[in-house]
Structures are given as structure tokens and as C-alpha cells.
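If you read the sequence shown in the working numbering, its first letter stands for residue 5, the second for the next number, and so on.
Below is one structure, written out as C-alpha cells, with a few remarks after it.
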Amino acid sequence: MDYVLTVDSLSKHYKQFKALSDLTMRVPKGAIYGLIGKNGAGKTTLIRLICALQRPTGGSYALYGIPYDDAKIAQARRRMGAVVETASVYLNMTARENLKAQYRVLGLASFQGIDEILELVGLAHTGNKKAKDFSLGMRQRLGIAVALTGNPDFLVLDEPINGLDPQGIVEIRELVLRLNREKRITVLISSHYLDELSRLATHYGFIDKGRVIEEISAEALESACRKCMRVEVSDMKAFERVMDEMKLEYKTVDATTADVFAKVNITRFVTALSRAGCEVLSLQQRDESLESYYMNIVGGERHA
5 MDYVLTVDSL
15 SKHYKQFKAL
25 SDLTMRVPKG
35 AIYGLIGKNG
45 AGKTTLIRLI
55 CALQRPTGGS
65 YALYGIPYDD
75 AKIAQARRRM
85 GAVVETASVY
95 LNMTARENLK
105 AQYRVLGLAS
115 FQGIDEILEL
125 VGLAHTGNKK
135 AKDFSLGMRQ
145 RLGIAVALTG
155 NPDFLVLDEP
165 INGLDPQGIV
175 EIRELVLRLN
185 REKRITVLIS
195 SHYLDELSRL
205 ATHYGFIDKG
215 RVIEEISAEA
225 LESACRKCMR
235 VEVSDMKAFE
245 RVMDEMKLEY
255 KTVDATTADV
265 FAKVNITRFV
275 TALSRAGCEV
285 LSLQQRDESL
295 ESYYMNIVGG
305 ERHA
């Protein structure tokens with residue numbers, strides 16, 4: 005598999021505080037990678053490191069296979085755009101003027117492509133309206149537009165929907181999906197809005213206390229979070245025999261517990277097990293969400 009970003013045992017220390025500690029992760033090419041973690045878990049520190057806003061204390065990372073301390077890394081960074089913490093825009097400029105200013109920073113020969121970027125982010129008709137008069141959602145989209153100058157194929161977004169109203173959240177979601185599907189841009193997006201990430205991400209990285217504790221694809225996560233009926237029984241062998249006879253999909257959890265992945269008639273189900281000498285001790289429906297999956301991994305108090 006091709007990776008846009010690889011991170012190996014990355015650490016960042018501030019005196020006695022360890023913001024990142026031996027963090028390892030992989031962002032596949034073409035993915036929307038959701039970086040999930042509570043406030044203070046290390047999301048922004050990681051993003052600041054890979055955007056060269058800070059240097060790591062230990063470990064390494066690479067963009068497109070080029071290590072961060074390689075002389076060629078500057079060339080690789082030109083393929084990357086980012087919005088870190090807040091959108092970096094000039095409030096007294098229009099959307100078009102902001103993009104022209106970024107074109108000059110990048111040393112681009114002409115302003116070709118500005119109209120396309122403004123259209124893409126939904127700001128083509130803002131005219132002479134200054135960014136200071138934009139809604140927060142419009143400013144976020146302008147920040148993404150600035151990040152898109154130079155035609156990057158890797159976009160890093162740090163908490164892009166923080167503070168947005170429902171309409172603004174939908175607009176950012178649709179924009180990210182469009183950039184990924186139509187422009188083939190790989191996206192790394194950090195957030196603690198788990199439900200919203202579940203509508204976007206193709207891959208997830210769960211970060212806690214400065215480490216990525218699990219990486220999983222959306223497909224594998226969906227399988228892990230399938231709706232099921234958890235059953236506790238007195239005789240697992242008899243239970244398995246009845247399930248096989250009824251041709252029901254199930255998974256044994258332990259010596260007395262199993263998950264049944266089928267919609268069943270409870271009366272018939274319990275009766276069939278009773279006839280086989282298997283007593284149902286408890287039965288409950290399970291529908292694990294992204295949030296509950298995250299909570300099961302990290303434990304502790306409720307986050308975000």
C-alpha cells in the first residue's frame with residue numbers, strides 16, 4: 005500500500021511534559037484519515053510537527069517516502085496544504101485577495117486557478133465582501149481555499165468544524181468529500197466530533213496520551229460495530245449446535261457468551277435453545293457506535 009504520510013516512534017517533549025510519545029501511524033494515499041482523540045491527546049502537536057511548525061524531540065516522519073530531515077522534504081511539502089487550529093486569512097481582504105496573497109507567497113507565476121478554487125469551496129460569489137464579515141463556516145472554507153493554492157494532493161485539517169453551526173458542518177463535510185472524490189486529495193482530519201468523522205473517514209487513528217493506540221479502516225470498524233444480539237447461555241456447545249442448525253451467523257465471545265448477527269424471533273430462538281437443554285441467562289441488543297468503540301479502547305471518562 006502507498007502511504008502519503010508515515011510516522012515512526014515520533015516524540016515531542018516540552019520540558020517535563022510529553023505531548024507525543026513514540027507515536028506511529030500510516031496515512032494511505034487516497035484516504036480520508038480521521039485522527040480521533042480528546043482535547044490534549046496530541047492531535048494538534050502531531051499536525052504542527054508534520055507541517056514543520058515545530059521539530060520533533062525524537063523519532064521520525066516522512067512525506068511521500070521522504071524523511072522530514074532530508075534535503076528533498078521541501079519539495080514534498082509543496083504537495084501539502086494545511087489549516088492548523090484556525091484558518092489563516094487576512095480579515096480585511098476579500099476571498100480573492102486572500103488567494104492572490106497566498107499565490108505571491110508561493111511564488112506562483114500567475115493567478116490562474118483562483119476562480120476554480122473559489123468555486124470549489126463555495127466562495128465564488130462573495131465579491132467585495134471582506135473576510136471579517138464572513139460567517140465562521142465561510143472563513144473555514146476560505147482557509148481551506150488558501151491551503152489548496154499550489155494544487156496540493158495532501159490536505160491536513162485540524163478540527164475544521166470546531167464551533168460551526170449545523171449548516172457550516174454540512175458544508176465542510178461536503179467540501180472534504182468532494183476534494184477527496186473528485187480531486188483525489190488525501191485528507192488527514194483531526195476532530196473530537198466522532199459522529200461527524202464517521203460520515204467522512206475511510207480510515208481512523210485513535211490517539212490518546214500522545215500515542216496512536218489503534219488504526220483501523222472504516223470497513224473493519226463497521227464490521228466491529230455491527231448490530232448484534234449478545235446472549236449469555238448455560239451450555240455453549242448446545243448453543244453452537246442450535247445456531248448451526250438454524251443457519252444463524254454468530255461469534256463466540258467466551259465460554260458462556262456469544263453475539264448473534266441476525267434478526268430473530270426471540271420466542272422461537274429461546275424455545276429452540278431450551279429444547280436442546282441450553283438455558284438463556286441474559287439477552288441484550290448491541291449497536292456499538294464510533295464513540296463507544298473509542299471509549300472501549302481508551303477507557304475512562306466520557307470524551308467529547
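Where a beta carbon is used, it is the ideal one built from N, C-alpha and C, also for glycine.
DSSP, read as helix, strand or coil, puts Arg-272 in helix.
Residue pairing for His-207: DSSP places it in a beta bridge opposite Tyr-37, Ser-221.
The beta carbons of Pro-164 and Ile-118 sit about 21 Å from each other, so the pair does not count as a contact at 8 Å. Within a 10 Å sphere around the beta-carbon of Tyr-18 sit fewer than 16 other beta-carbons, which makes this residue exposed.
When DSSP states are grouped into helix, strand and coil, Phe-265 belongs to the coil group.
The three-state secondary structure of Tyr-65, taken from DSSP, is strand. Taking C-beta atoms as the reference points, Ile-176 and Leu-152 fail to come closer than 8 Å.
If you draw a straight line from the Cα of Thr-130 to the Cα of Val-268, it is about 55 Å long.
Here Pro-71 has Ser-64, Tyr-65, Ile-77 as same chain residues with Cβ atoms under 8 Å from its own Cβ, once five neighbours each way along the sequence are excluded. Non-local beta-carbon contacts of Arg-230 in its own chain, meaning distances under 7 Å to residues more than five positions away in sequence, involve Phe-265 in chain order.
At a cut-off of 3 residues, the continuous stretches assigned as beta strand (DSSP E) that sit fully inside the segment 163-205 are 190-195. If you draw a 10 Å sphere on the C-beta of Phe-138, you find 16 or more other C-beta atoms in it, and that means buried. Here the segment 245-256 makes no contact with the segment 188-203; the two share fewer than three CB pairs at distances below 8 Å. Inter-residue distance for Ala-35 and Asp-212 is about 21 Å (C-alpha atoms, whole angstroms). Note on geometry: alpha-carbon atoms of Leu-39 and Val-160 lie some 11 Å from one another.
In the DSSP assignment, Arg-234 falls within the unbroken beta strand (DSSP E) covering 232-237. Taking the CA atoms as reference points, Glu-218 sits about 29 Å from Glu-236. For Asp-119, the enclosing alpha helix (DSSP H) starts and ends at 118-124.
Exclusion of the five residues before and after Arg-52 leaves Gln-58 as the residues of its chain whose Cβ lies within less than 6 Å of its Cβ. In the DSSP assignment, Val-284 falls within the unbroken beta strand (DSSP E) covering 284-290. Here the segment 286-303 makes contact with the segment 232-246; the two share three or more CB pairs at distances below 8 Å. In the DSSP assignment, Lys-241 is bridged to no other residue. In the three-state reduction of the DSSP assignment, Tyr-107 falls in the helix class. When rounded, the separation of the alpha-carbon atoms in Ala-242 and Gly-281 is 7 Å.
Contact between the segment 143-158 and the segment 93-112 is present, with at least three C-beta pairs closer than 8 Å. Counting of Cβ neighbours within 10 angstroms places Gly-214 among the buried residues, the total reaching 16 or more.
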